[in-house]
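**Student:** For the record, in the sequence shown the residue sitting at position 173 is 163 according to my numbering, with numbers rising by one throughout.
Ideal placement from N, C-alpha and C gives every residue a C-beta, glycine not left out.
Quantities reported herein were computed from a predicted structural model and do not represent experimental measurements.
For reference, the structure I am asking about is given below.
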Amino acid sequence: MTSNEPCPLTFKRALELRGVTFRHPNGPPVLHDIDLTIRPGEWIGLVRTIGSGKSTLLDLLIGLLSPSQGSILVDGLPLEGPDSATDRRRDWQRRLAHVPQTIFQADSTIAANIAFGVPVDQIDPRRVAWAAALAQALDFITALPKGFDNGDWREGSAAERRPAPTPRPGQGALQTRGSHGAR
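What follows is the structure, given as structure tokens:
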């Protein structure tokens, strides 16, 4: 591995935010000077008022947003910056499962939505089916007219149109995984 290649990320010691501030363009800081350390196996709860930055903090932790100031490190390696690479952030995102408070559906197939971030030509259908089964959505998806190739989750008969399954109790909003991602 050369010095220009990204180091593969692990999550063996800690996920850290150091002095993280985030602000939307032309707005005041949503989060200011946050220091946080999460170790593998730890559970955290975020309890604050609406609009206080809970979702923004999670989006920073999973690499959907970048801090305006400060750094995010996984086992001491920065997710981004002059000494990092875009691939490091992607590597981190491939290790995560995220259940957002509102569902975002990319304008693509169900398979591509499940394997979000994986190039379409690299999606492994077996891993996508495994992830759908884990989320208790496999029967629903395979009953759709085009299955995983449906471009709209809402397509199909009225009997097929139902909300996505609710996560089981005990499933975290941020859950790390090893090599079992839906890639």
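Of the choices Pro57, Val118, Pro15, whose alpha-carbon is the least far from that of Asp139?
**Tutor:** For Asp139, the nearest C-alpha among the options comes from Val118.
**Student:** When the Cα atoms are used, what is the spatial distance from Thr46 to Leu86?
**Tutor:** If you take the alpha carbons of Thr46 and Leu86, they lie about 16 Å apart.
**Student:** Take His14 and list the residues in its own chain whose beta-carbon comes closer than 8 Å to its own, dropping the five residues that flank it on each side.
**Tutor:** Closer than 8 Å at Cβ, skipping near neighbours: Val20.
**Student:** Buried or exposed: where does Asp81 fall if 16 or more other Cβ atoms within 10 Å of its Cβ makes it buried?
**Tutor:** Per the 10 Å Cβ criterion, buried.
**Student:** With distances taken Cα to Cα, identify the nearest neighbour of Arg3 among Gly17, Thr39, Leu63, Ser56.
**Tutor:** Considering only alpha carbons, the answer is Leu63.
**Student:** In chain order, what residues of the same chain lie with their CB nearer than 7 Å to the CB of Thr175, ignoring the 5 residues before and after it?
**Tutor:** The structure shown does not extend to residue 175, since the chain is modelled only from -9 to 173, so the question has no answer here.
**Student:** What three-state label does DSSP hand Ala119 in the structure shown?
**Tutor:** Three-state DSSP puts Ala119 in a helix.
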